[in-house]
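Here's the structure we're looking at; comments come further down.
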Amino acid sequence: MSYLRLQRLLFAVSCSLLLARCQSSASKDREEKVLVITQGGVYSGSYRSLDSSVPCIRIATTEPVQLVNCTLAGAGDLIVSGEGADLVVRNSRGYGLEPSRTGVGRGRFVNSFRARRLWIEHNYFEQTSGLNIDRWSQSAGVSGVSQPLLVRYNQARNIDGRWRGNQGSTRASFVILNTVRSLPGVEISYNEVRNTANQSLVEDNINLYASSGTSGSPIRVHNNFVFGAYPFPATATGYTGTGMTTDGNGNASEVTAYVEAYENQFISTCNAAMNIAAGHDIYYHDNRLVTSGLLADGTRLPSTWAATSIFNYYKLPGNVFFNNRVERTVVGYMSKGGQNGRLDMSPGACASCSVQALPNPVTVDTERAEDVRWQQKLQQNGITIGPEKGSQ
Numbered sequence: 001m002s003y004l005r006l007q008r009l010l011f012a013v014s015c016s017l018l019l020a021r022c023q024s025s026a027s028k029d030r031e032e033k034v035l036v037i038t039q040g041g042v043y044s045g046s047y048r049s050l051d052s053s054v055p056c057i058r059i060a061t062t063e064p065v066q067l068v069n070c071t072l073a074g075a076g077d078l079i080v081s082g083e084g085a086d087l088v089v090r091n092s093r094g095y096g097l098e099p100s101r102t103g104v105g106r107g108r109f110v111n112s113f114r115a116r117r118l119w120i121e122h123n124y125f126e127q128t129s130g131l132n133i134d135r136w137s138q139s140a141g142v143s144g145v146s147q148p149l150l151v152r153y154n155q156a157r158n159i160d161g162r163w164r165g166n167q168g169s170t171r172a173s174f175v176i177l178n179t180v181r182s183l184p185g186v187e188i189s190y191n192e193v194r195n196t197a198n199q200s201l202v203e204d205n206i207n208l209y210a211s212s213g214t215s216g217s218p219i220r221v222h223n224n225f226v227f228g229a230y231p232f233p234a235t236a237t238g239y240t241g242t243g244m245t246t247d248g249n250g251n252a253s254e255v256t257a258y259v260e261a262y263e264n265q266f267i268s269t270c271n272a273a274m275n276i277a278a279g280h281d282i283y284y285h286d287n288r289l290v291t292s293g294l295l296a297d298g299t300r301l302p303s304t305w306a307a308t309s310i311f312n313y314y315k316l317p318g319n320v321f322f323n324n325r326v327e328r329t330v331v332g333y334m335s336k337g338g339q340n341g342r343l344d345m346s347p348g349a350c351a352s353c354s355v356q357a358l359p360n361p362v363t364v365d366t367e368r369a370e371d372v373r374w375q376q377k378l379q380q381n382g383i384t385i386g387p388e389k390g391s392q
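Per the UniProt record's numbering, numbering through the sequence shown is continuous, rising by one, with the last residue being 392.
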């Protein structure tokens, strides 16, 4: 065999091996590995589902389960738990994939129904529709656990309610509590949420819907940093999302109640930053609400309205909607509807609001300064958010 023919043969063999390796890698990217947990324990590993109707991990036991150091990628929900679950999710990463069907949205990082204990701490998740905590178990709680519901030290990127094909959307939140009633020991704290314009579609980043703590132990929402709440596209004129909202219809025992939200930062949120739209005994204080009404490239956001409000959306009687306050809140909110393009409080809907106005102008640089403030807070308090170093 001539030297030239030998070289050609070796080149052909090399190309075949490279193609096979690439095909193998692509095949691995399409491989699915899901987990159904039927007994308690600590579980780790990588799991993947390309079917919007099949979660990466399903919890099918009431025994204590810990998901630690997991990496999840799915077209639907990443973690699903059912009645009576005792679940800890810690130091894990979740990635929402494109839904498997047109007209379907991305799944939740955690979708929980009537849990007994749910701790979601030190995780990272992106391009999902967030955390859905739906109702709470009526059975006995977990022995020795005084805080049954904790959402702490998480990093979320691009909460995304868009359907495949952009044919509609789901109302997605970083976290929604839906009908979690009269539960003491609830805490949502030190989470960082960043939504990028035109790459996300969040409704209320934090939504407390018909959910309540108790008079002695209110739901505590504190020291969270939320950057971004935009319609899709970001230049759309209509939008109903916020940084945080209390919501839900019903009588005094059914509506959102006994909530304390403090020392949070809600930055660049269209429509509103913090609203009290329903409930009683809700106290917002010492928060920072800053929106320039612009994207970083100078694009104007036409769907801004007012930073904060207390308004009886469901027009409920005074024995259902009462004792709601907004105090000691630093505000700088640029709005198309305000005087000189600014509206720190919703007109006629903030009688119980007391705010400290930031000086004009409120710009993109003002928003960036809030980000620096957040990083300094974490450093000064020794707080680590997202998966802890060495966890994976």
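Where a beta carbon is used, it is the ideal one built from N, C-alpha and C, also for glycine.
**Study point:** Cut-off 6 Å between Cβ atoms - residues of its own chain near TYR230, not counting five sequence neighbours on either side
**Key:** Working through the sequence shown from its first residue, we reach residue 230 at position 230. Result list for TYR230: ALA197 and CYS270, in chain order.
**Study point:** Selection from ASN91, CYS70, SER112 and GLU32 that minimises the alpha carbon distance to ILE59
**Key:** The residue labelled residue 59 in the question sits at position 59 within the sequence shown. Closest by alpha carbon: SER112.
Exercise for review: Inspect the beta-carbon positions of GLN39 and THR62 and report whether they are closer than 8 Å.
Suggested key: Locating residue 39 in the sequence shown gives position 39, where the first residue counts as 1. Locating residue 62 in the sequence shown gives position 62, where the first residue counts as 1. No.
Exercise for review: Would you kindly work out how many angstroms separate the C-alpha atoms of VAL36 and ILE57, rounded to a whole number?
Suggested key: For the purposes of this step, residue 36 is identified with residue 36 of the sequence shown, where counting begins at 1. For the purposes of this step, residue 57 is identified with residue 57 of the sequence shown, where counting begins at 1. Roughly 6 Å separates the two Cα atoms.
Review point. Looking at SER335 and TRP374, is the spacing between their C-beta atoms short of 8 Å?
Key: What you label residue 374 is simply residue 374 of the sequence shown in a count that begins at 1. What you label residue 335 is simply residue 335 of the sequence shown in a count that begins at 1. No, these two residues do not count as a Cβ contact at 8 Å.
Review point. So what does DSSP say about GLU327, is it helix, strand or coil?
Key: Taking the first residue of the sequence shown as position 1, residue 327 is located at position 327. Looking at GLU327 - three-state DSSP - the assignment turns out to be strand.
Review point. Given a threshold of 16 other Cβ atoms within 10 Å of its Cβ, counted over all protein chains shown, does GLU31 qualify as buried or as exposed?
Key: As a working mapping, residue 31 is identified with position 31 in the sequence shown. Classification of GLU31: exposed, given that the 10 Å Cβ count is below 16.
Practice item. Sort out for me which residues DSSP pairs THR71 with in a bridge. Key: Position 71 of the sequence shown, counted from the start, is the residue given in the question as residue 71. THR71 pairs with SER46 and ARG93.
**Study point:** Alpha-carbon to alpha-carbon, PHE322 and GLN155
**Key:** As a first step, residue 155 is located in the sequence shown; it is residue number 155 there, counting from the start. As a first step, residue 322 is located in the sequence shown; it is residue number 322 there, counting from the start. Approximately 34 Å, taken between the alpha carbons.
Check your understanding: According to the neighbour-count rule (16 or more other Cβ atoms, all chains shown, within 10 Å of its Cβ), is GLU203 buried or exposed?
Key -> Position 203 of the sequence shown holds residue 203. By the neighbour-count rule (16 or more Cβ atoms within 10 Å), GLU203 is buried.
Practice item. Express the C-alpha separation of TYR153 and GLY318 in angstroms, rounding to a whole number. Key: For the purposes of this step, residue 318 is identified with residue 318 of the sequence shown, where counting begins at 1. For the purposes of this step, residue 153 is identified with residue 153 of the sequence shown, where counting begins at 1. GLY318 and TYR153: Cα-Cα distance of roughly 37 Å.
Exercise for review: Classify LEU378 as helix, strand or coil using the three-state DSSP reduction.
Suggested key: Stepping through the sequence shown from its first residue, residue 378 is reached at position 378. Here LEU378 sits in helix by DSSP.
Point to revise | Endpoints, beta strand (DSSP E) assigned at TYR209 | key: Along the sequence shown, read from residue 1 onward, the residue named residue 209 stands at position 209. That run of the beta strand (DSSP E) goes 204-209.
Point to revise | Among LEU131, TYR190 and ALA140, nearest to ARG171 - alpha-carbon criterion | key: Working through the sequence shown from its first residue, we reach residue 171 at position 171. Here the closest residue by C-alpha is LEU131.
Review point. DSSP on THR366, reduced to helix/strand/coil?
Key: In the sequence shown, the residue the question calls residue 366 occupies position 366. DSSP places THR366 in helix when its eight states are reduced to three.
Check your understanding: Which of the three DSSP states, helix, strand or coil, is assigned to VAL372?
Key -> The residue labelled residue 372 in the question sits at position 372 within the sequence shown. Note: VAL372 maps to helix in three-state DSSP.
**Study point:** Whether TYR331 touches ALA307 by CB criterion (8 Å)
**Key:** Working through the sequence shown from its first residue, we reach residue 331 at position 331. Working through the sequence shown from its first residue, we reach residue 307 at position 307. Tyr is not the amino acid found at residue 331; the sequence shown has Val there. In contact: VAL331 and ALA307 (Cβ atoms closer than 8 Å).
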